[in-house]
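Trainee: Residue numbers (our numbering), protein chains in the order written: chain R, 1097 to 1488; chain C, 260 to 581; chain B, 79 to 382.
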Amino acid sequence: MKTGLLGVATIAALGLGLRPVWAQESVKIGFVSTFSGPQAAIGEDMRRSVELALEHLGGKMGGKKIEVVYEDDQFKPDVGKARSEKLVQQDKVNFIAGYIWSNVLLASLKTVTDEGDTILISANAGPSQIAGELCNKNFFSTSWNNDQTPMAMGDYLNTKGVKSLYVVGPNYAAGKDMLAGVKRTYKGKLLGEDYTKWPDQLDFSAELTKIAAAKPEGIFIFYPGAHGVQFVKQWAQSGLNKTVPLYQVFSIDAITLPQQGDLALGTLGAQEWVNDLPNEANKKYVADFKKKHGVYPSYYGAQSYDAIMLMASAAEALKGDLSNKDKVRAEMKKANFKSVRGDFKFNTNQFPIQNFYIQETVKDPQGMMTVKTIATAVTAAKDPYFEKCPMK
Amino acid sequence: MSEPLLSPRVLVTALLLAVLAALPLLTQAFDQRYLLSVGTRIVIWSIAAVSLNIILGYGGLVSFGHAAFFGIGGYAVGILSAEGIQNGWVQWPVALAASILWAALVGALSLRTRGVYFIMITLAFAQLVYYLASGLEAYGGDDGLNISRSRFPGLLDLRDKATFYWLCFALLCASLWFCGRLAHSRFGAVLRGARSNELRMQALGFPVFRYRLVACIVAGALGGLAGILLANEGAYVSPAMMSWVKSGDLIVIVVLGGIGVRFGPLYGAVAFFALEELLKPALDLMHKGWGEYWQIVFGPLLVLIALYARGGIASLLGFRRA
Amino acid sequence: MDYLLIQVLNGVQLGLLMFLLAAGLTLTFGIMDLVNLAHGSLYMIGAYIAWTFVTWTDSFVLGALLALPATFALGVAVEAVVMRRLYARDHLDQVLATFGLILFFNELVRVIWGPAGKSIAVPPFLSHTIEILPGVPYPAYRFALIVVGAAVALLLAWLVARTRLGMLIRAGASNRRMIAALGVNIELLFSLVFGLGAVFAGLAGLMAAPISSVKIGMGDDILILAFVIIVIGGIGSIKGAFVAAMVVGQIDIVGRAFLPELLKTFMPPASASAAAPAISQVAIYIVMAGVLVWRPTGLFGQRA
């Protein structure tokens, strides 16, 4: 029985082995994000930006046709890992990008970068492990490390003279990173710190009551996606919006604003990219995105757009020949492209060295909710972990 | 046992096992590396499903917290690996012991309840471990933990995909064989007897509680083994591997394959993963973009199986519940 | 003291919301012996339908009034197409089929309403805060949640204790074969009860919508909580579901509001603030396991 099968396998192997070495006609890109379930809106925003980047590139990079394969991680690390594995092993993509969630990225990392020797560009997730000891020559980020954005917010709170703060976030790894980030730079008095259930807490009344009793000068939150909608609504409904201002990271953006509406007006947040940054690449990106979809893009989208543009810069420099990975990595490391956040450099761990801005939630002249830049919080910021990265 | 040698179920089962046995060779020959990855997951999930089938299929006890064993087996390996102990001869026995202990504890407390209450109490214990792991900040908390594969110096190199697959497959065969022996033993007969009439078995003088507890422990050990393998397969452990959805998936696999049938879990796992891998491209083929909505087909398919294919795939092949 | 009162009120409000969801589940479970994992999907679809009607009529109350009969109709339809065929099956077939329904409904919602979440605003007449004590504001909408939840609880108590339907429900929860022997039109009764359960789920969904977000899968996590409640209370018992929901609501609030301070009295602050959320997250599961070890059929349950 077994020898029979072996025979079949051998014949098949001979037959298939005669195929010519696969000549690459196109640049293949795998894109992993969340396209189903409660956070699907984020994945949709990223996909729209990827499609827009392809349009702006004329569907080609380095003279070769671009093919993108989208895979849904379902917001689950093991699914994300399996999908990434498929992209590397079956679709044999040149690049993989995407990844909203830290745990999905961490689960997929080794499969892609080590076993697959494929270049991975995170367009959102930035856990400290990867900025530090898990850094990898095949890993690039067009976003940030988790700690950076809240650290920028903490700096801004100091300059603004906010004397006391209450911090709230979900009880999971990125939530703890974010609160640790703001605590690292904020110098005022910390009046309280709450971690809420993740991902299923529906009600924040207990926390809001505690905040009201503590009477801080500000609340700092981190609630990505749908959870940001819930917190902001309940904060406003509790009447706290009249007494305690809300400072946030990743909780009020182009995806959540249609649901938060007027309730979010006037709140401040920190971000490395804002839709009104005055550079040409950004103006084109935002204007075309708005024209096509009737809404503003979010930073998730902007980071995805940059990820594609980063790949394109390498492909152009190498005239479409992506066979030598060392050359591809060297080209990517130059970050030689027009980022929508303005030019930036890669640090030794291949995370961007970039500015962070403070944005205010406003209504645009057409009455649509959006955010606009009001200050620069920090310039050319490096993440706090790059020295732990063995790459120099 | 006087079955014709060429009945469909024997043929299908033999063919399936043969393909699985030769999978690394086949995937290499056809240059389909990814299929080997899928195959590895199928085999590991089959082991977990075999384990659940012991208590659910033979014992009639619906555990809704079986994914906890993925986590306990996996985290035992993961934590030891993070502490610098890579040797499989240490890791694996510790992981198995932890699973057995947990199974004994949960079993002793849960077996006081029946029916839906049993479903829910097992879920409660699984949630407990889930949140415990999420709170283990030293080991990555919710982000999980990247680990390196267990080492068996001089014996096996688990980093080699084919070797690892064959190890998993050998362990699956062993569990299937063991499960078959168990089902036809006196022990299995008592379990099945208690499933249909607990009082009668008690009246006959069988300590039903103790039999069931032993079944839980055996299932726990096998579940822990699946967890060890899963952690090694992904070189990663995280609380997500024991979320209640995973426990639900395991139940679906067992029911889909055929409850209380020895090879049921294997059919279930193959069908479950094949549907997941094939529905999407199949729908995309019909109309570009439809593939993304594959669950809208997968869901009703499960409903139809529950409604019209009683006894799952095994019954379609002519197996009867043991 | 004010602080304590408000936190207790928060717990009551959360408990009542949970009760709305659990009531329908315990009804269908108790009378039809049906494990319906898709109950959370009805909660979700109730909220989506309400969003559609609220957007259409531009009025929360009107939208809600239209959404309730719509969810009832949906419930009856689901019962007729799928559930009816499952009553005689064992729990596992029911789990498999209703698990399939969850996947189906989540995708269906994405096809119909798109991937982005929806938002229902608090109706203007409830968007202010009221002073429950001088100087102690409380959001009016949360107060409305308490009123609606309490009203439904009373309505159900009356329905179960005083009406013929209630008598059949009680009879069904303790002995299903008996009601069949009474010559009752079982099919109609089951349709009705399932529809009623769907209405309660939909009501919970639409009442929760203004404080949360109407999104795909919103019922999946909360479903587990609803199951915990009906199991603690004892399956089929409305009274049990009510008591358990109240207990769970208070435990949840205590865990979040008081536990960190409590732990700090005997632990270093850093480990206390790390331990508190972990403990409050598992508290209800520990309570459920404890209750079941002590009373294997829940607080007010009669049979397994």
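Glycine included, each C-beta is placed from N, C-alpha and C at the ideal position.
Since we're looking at a predicted model, the values are computed, not measured.
Given Q386/C, which residues of its chain have a CB within under 8 Å of its CB, disregarding the five upstream and five downstream residues?
Mentor: Sequence index remark: in the second sequence, residue 386/C carries index 127 (1-based). Excluding sequence neighbours, Q386/C sits near G324, W503.
Trainee: Is E1368/R near F1433/R, with beta carbons less than 8 Å apart?
Mentor: Taking the first sequence and counting its residues from 1, the one referred to as residue 1368/R is at position 272. Taking the first sequence and counting its residues from 1, the one referred to as residue 1433/R is at position 337. The answer is no: Cβ separation not under 8 Å.
Trainee: In terms of residue numbering, what span does the alpha helix (DSSP H) encompassing S1198/R cover?
Mentor: Numbered from 1 along the first sequence, position 102 holds the residue referred to as residue 1198/R. It spans 1198-1206 - the alpha helix (DSSP H) in which S1198/R sits, taken as one unbroken run.
Trainee: For I510/C, go through chain B and note every residue whose CB falls closer than 9 Å to its CB, in chain order.
Mentor: Working through the second sequence from its first residue, we reach residue 510/C at position 251. Going along chain B in sequence order, the residues near I510/C (Cβ under 9 Å) are L170, V173, L174, F177.
Trainee: Within 8 Å (strictly less), CB to CB, does E265/B reach chain C?
Mentor: Here residue 265/B refers to the residue found at position 187 of the third sequence. Not closer than 8 Å to any Cβ of chain C, the Cβ of E265/B fails to qualify, so no.
Trainee: Counting only the same chain and skipping the five closest in sequence on each side, list residues whose C-beta sits under 6 Å from that of W1240/R.
Mentor: Along the first sequence, one-based indexing puts residue 1240/R at 144. These residues qualify, in order along the chain: G1222, E1368.
Trainee: Figure out for me which residue from S1204/R, G1314/R, I1162/R, V1345/R has the closest Cα to the Cα of V1325/R.
Mentor: The residue given as residue 1325/R occupies position 229 in the first sequence. For the residues S1204/R, G1314/R, I1162/R, V1345/R, the minimum Cα distance to V1325/R belongs to V1345/R.
Trainee: By the 10 Å Cβ neighbour count, where 16 or more other Cβ atoms means buried, how is Y389/C classified, buried or exposed?
Mentor: Locating residue 389/C in the second sequence gives position 130, counting from the first residue. By the neighbour-count rule (16 or more Cβ atoms within 10 Å), Y389/C is buried.
Trainee: Hey, does V520/C have any beta-carbon neighbour from chain B nearer than 8 Å?
Mentor: Residue mapping note: residue 520/C aligns to position 261 of the second sequence, counting from 1. Answer no: the Cβ-Cβ gap between V520/C and chain B never drops below 8 Å.
Trainee: Any idea what DSSP makes of L1153/R, helix, strand or coil?
Mentor: Along the first sequence, read from residue 1 onward, the residue named residue 1153/R stands at position 57. DSSP places L1153/R in coil when its eight states are reduced to three.
Trainee: With a 10 Å radius around its C-beta and 16 neighbouring C-beta atoms as the bar for buried, classify N1220/R as buried or exposed.
Mentor: Position 124 of the first sequence, counting from 1, holds the residue named residue 1220/R. Result: buried.
Trainee: Would you decide whether Q85/B is buried or exposed? Buried here means 16 or more other CB atoms lie within 10 Å of its CB.
Mentor: The residue labelled residue 85/B in the question sits at position 7 within the third sequence. Q85/B is buried by the Cβ-count criterion.
Trainee: If you measure from the beta carbon of A1119/R to each beta carbon in chain C, is any gap under 8 Å?
Mentor: Counted from its first residue, the first sequence places residue 1119/R at position 23. Residue placement at A1119/R cannot be trusted, given a pLDDT of 49 that sits under 50; what the coordinates show is reported in the next sentence. Taking Cβ atoms only, chain C never reaches closer than 8 Å to A1119/R, which makes this a no.
Trainee: Return yes when the Cβ of A1366/R is within less than 8 Å of the Cβ of M1249/R, no when it is not.
Mentor: On the first sequence, residue 1249/R is found 153 positions in, with the first residue counted as 1. On the first sequence, residue 1366/R is found 270 positions in, with the first residue counted as 1. Taking 8 Å as the Cβ cut-off, M1249/R and A1366/R qualify as a contacting pair.
Trainee: Could you check how far apart the C-beta atoms of A1431/R and Y1252/R are, in whole angstroms? I think they sit under 8 Å.
Mentor: As a position in the first sequence, residue 1431/R is number 335, starting the count at 1. As a position in the first sequence, residue 1252/R is number 156, starting the count at 1. Their Cβ separation, rounded to whole angstroms, is 26 Å, which puts A1431/R and Y1252/R out of contact at 8 Å.
Trainee: Would DSSP call T1099/R helix, strand or coil?
Mentor: By 1-based counting over the first sequence, the position of residue 1099/R is 3. Reliability of the predicted coordinates at T1099/R is poor, the pLDDT of 39 falling under 50, and the value obtained from them is presented with this limitation in mind. Helix at T1099/R.
Trainee: Just the Cα atoms here: how many angstroms apart are A494/C and Q554/C?
Mentor: The sequence position of residue 494/C within the second sequence is 235, counting from 1. The sequence position of residue 554/C within the second sequence is 295, counting from 1. Roughly 28 Å between the two C-alpha positions.
Trainee: Flag this pair as touching only if the stretch 137-146 of chain B and the stretch 481-488 of chain C have three or more C-beta atom pairs under 8 Å; answer yes or no.
Mentor: The answer is no - the stretch 481-488 of chain C does not touch the stretch 137-146 of chain B, with fewer than three Cβ pairs under 8 Å.
Trainee: Just tell me which of L1150/R, L1153/R, I1138/R has its CA closest to the CA of D1168/R.
Mentor: For this step, residue 1168/R is matched to residue 72 along the first sequence. With distances taken between Cα atoms, D1168/R lies closest to I1138/R.
Trainee: What distance in whole Å lies between the Cβ atoms of D1402/R and T1469/R, which are believed to be in contact at a cut-off of 8 Å?
Mentor: As a position in the first sequence, residue 1469/R is number 373, starting the count at 1. As a position in the first sequence, residue 1402/R is number 306, starting the count at 1. Wrong, their Cβ atoms sit about 18 Å apart, outside the cutoff.
Trainee: If I follow the unbroken beta strand (DSSP E) through A1476/R, where does it start and stop?
Mentor: As a first step, residue 1476/R must be located in the first sequence, where it is residue number 380. First-last of the beta strand (DSSP E) with A1476/R: 1465-1477.
Trainee: Kindly indicate if chain B contains any beta-carbon less than 8 Å away from that of A326/C.
Mentor: Counted from its first residue, the second sequence places residue 326/C at position 67. Judged by the 8 Å Cβ criterion, A326/C is not in contact with chain B.
Trainee: Evaluate T1352/R with the Cβ neighbour count: other Cβ atoms within 10 Å of its Cβ, from every protein chain shown; 16 or more gives buried, anything less gives exposed.
Mentor: Stepping through the first sequence from its first residue, residue 1352/R is reached at position 256. It counts as buried.
Trainee: Closer than 8 Å, CB to CB, is L234/B near chain R or not?
Mentor: For the purposes of this step, residue 234/B is taken as residue 156 along the third sequence, with counting starting at 1. Output row for L234/B: interface = no.
Trainee: Using three-state DSSP, classify Q1455/R as helix, strand or coil.
Mentor: Along the first sequence, one-based indexing puts residue 1455/R at 359. If DSSP states are grouped into helix, strand and coil, Q1455/R belongs with the strands.
Trainee: Should P1420/R be labelled buried (16 or more other beta-carbon atoms within 10 Å of its own) or exposed?
Mentor: Residue numbering aside, residue 1420/R sits at position 324 when the first sequence is read from its first letter. Note that residue 1420/R is Asn in the sequence shown, not Pro. So N1420/R ends up on the exposed side.
Trainee: Considering only their Cβ atoms, is the gap separating L1148/R from Y1481/R smaller than 8 Å?
Mentor: Walking along the first sequence from the start, residue 1481/R turns up at place 385. Walking along the first sequence from the start, residue 1148/R turns up at place 52. Cβ distance not < 8 Å, so Y1481/R and L1148/R don't count as in contact.
Trainee: Answer yes if the stretch 469-480 of chain C comes into contact with the stretch 309-316 of chain C, meaning at least three C-beta pairs across the two stretches below 8 Å, and no otherwise.
Mentor: These segments touch.
Trainee: Between which residues of its own chain and K1488/R is the CB-CB distance below 7 Å, once the five residues before and five after are set aside?
Mentor: Start at 1 with the first residue of the first sequence, and residue 1488/R comes out as number 392. Counting only Cβ-Cβ distances below 7 Å, and skipping sequence neighbours, we find T1444.
Trainee: Report the start-end ranges of each alpha helix (DSSP H) in the stretch 231-292 of chain B that is 4 residues or longer and not cut off at the edges.
Mentor: Correct list: 242-252, 254-259, 264-286.
Trainee: How many whole angstroms separate the CB atoms of S497/C and A1477/R, which I take to be in contact at a CB cut-off of 8 Å?
Mentor: For this step, residue 497/C is matched to residue 238 along the second sequence. For this step, residue 1477/R is matched to residue 381 along the first sequence. Rounded, the Cβ-Cβ distance is 29 Å, inconsistent with contact.
Trainee: Does any residue of chain C bring its CB to less than 8 Å from the CB of F1131/R?
Mentor: One-based indexing of the first sequence puts residue 1131/R at position 35. So, interface residue.
Trainee: According to DSSP, is P193/B part of a helix, a strand, or is it coil?
Mentor: Taking the third sequence and counting its residues from 1, one reaches residue 193/B at position 115. Residue state, collapsed to three classes: coil.
Trainee: Would a check of beta-carbon distances place V529/C closer than 8 Å to chain B?
Mentor: On the second sequence, residue 529/C is found 270 positions in, with the first residue counted as 1. No, no contact with chain B.
Trainee: Distance cutoff 8 Å, beta carbons only. Does P346/B sit that close to anything in chain C?
Mentor: Residue numbering aside, residue 346/B sits at position 268 when the third sequence is read from its first letter. No, its Cβ sits nowhere closer than 8 Å to a Cβ of chain C.
Trainee: Would you be able to state if there are at least three C-beta pairs under 8 Å between the stretch 414-429 of chain C and the stretch 1225-1239 of chain R?
Mentor: No, they do not touch.
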